[in-house]
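Take the sequence shown: its position 130, counted from the start at 1, is 129 in numbering that gives the first Met the number 0, and no numbers get skipped. Data block below; observations after.
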Amino acid sequence: MSTLSRTLGNLRKIGLKEYWHQLNYIGDTKAGTLVGIDKFGNKFYENNVDELPLRTRWVDYAKHDFDAAHIEPLWHSWISYAIDTPPTQDPIVQQTANRHWASQEHIPNRTFSRAAFKTYNTTKPKIEAWKPFAAPR
């Protein structure tokens, strides 16, 4: 949660429309610079001045499902502080920008759904459950 002075300052910096959008979707107000947009339309922001440590980077999802699988791998490593330079400023990424083998549409995360991967084992278990046996009288 933010203080009243920080909230009013962010309202002045970002405007009423963006202020209301952030309150509805991320529950907090943040003002920062747009660092880049990935191919799915997610917008990535950074503010190293006014925010707390490890709260300086955030994403505004294009589709508001709020799933980390909606972020490209390079942007995910930037937003989780694994790398310092965003993918738009990384020279190695600029050289290999044309990845024809990469998927062009989003592949959803199927965990906790019926389409989730489940292992199948055909070997006999070493330990079997006890089955009670009652002898007839």
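We put the beta carbon where it would ideally sit given N, CA and C, even for glycine. All values derive from a computational prediction rather than experimental measurement.
Would you report the Cα separation of residue i and residue j, rounded to the nearest angstrom?
i      : j      : result
Asp89  : His105 : 23 Å
Asp49  : Pro86  : 23 Å
Gly31  : His69  : 21 Å
Phe43  : Leu10  : 19 Å
Ile36  : Trp77  : 13 Å
Ala81  : Ile91  : 16 Å
Thr121 : Ser112 : 23 Å
Asn108 : Lys16  : 31 Å
Thr2   : Glu71  : 33 Å
Leu26  : Ile13  : Looking at the sequence provided, one finds Gly at residue 26 rather than Leu. One C-alpha to the other measures close to 15 Å.
Asn97  : Tyr60  : 23 Å
Lys62  : Gln103 : 16 Å
Ala128 : His20  : 55 Å
Ala133 : Asp64  : 55 Å
Pro124 : Lys117 : 18 Å
Which of helix, strand or coil does DSSP assign to residue i?
i     : result
Tyr24 : helix
Thr6  : helix
Drop a sphere of 10 angstroms on the beta-carbon of residue i, count the other beta-carbons inside from all chains shown, and report buried for 16 or more, exposed for fewer.
i      : result
Trp100 : exposed
Lys29  : buried
Trp74  : buried
Tyr24  : exposed
Tyr119 : exposed
Nearest chain B C-beta to residue i closer than 7 Å, yes or no?
i     : result
Phe65 : In the displayed structure, chain B is absent; only one protein chain is listed.
(request) Check whether the stretch 77-85 touches the stretch 43-58, counting contact only when three or more Cβ pairs, one atom from each stretch, lie closer than 8 Å. (result) Inter-segment contact for the stretch 77-85 and the stretch 43-58 is present: three or more beta-carbon pairs are separated by less than 8 Å.
(request) List in chain order: all unbroken alpha helix (DSSP H) runs of 4+ residues lying wholly within the stretch 36-87. (result) The stretch 36-87 contains these whole alpha helix (DSSP H) runs: 72-78.
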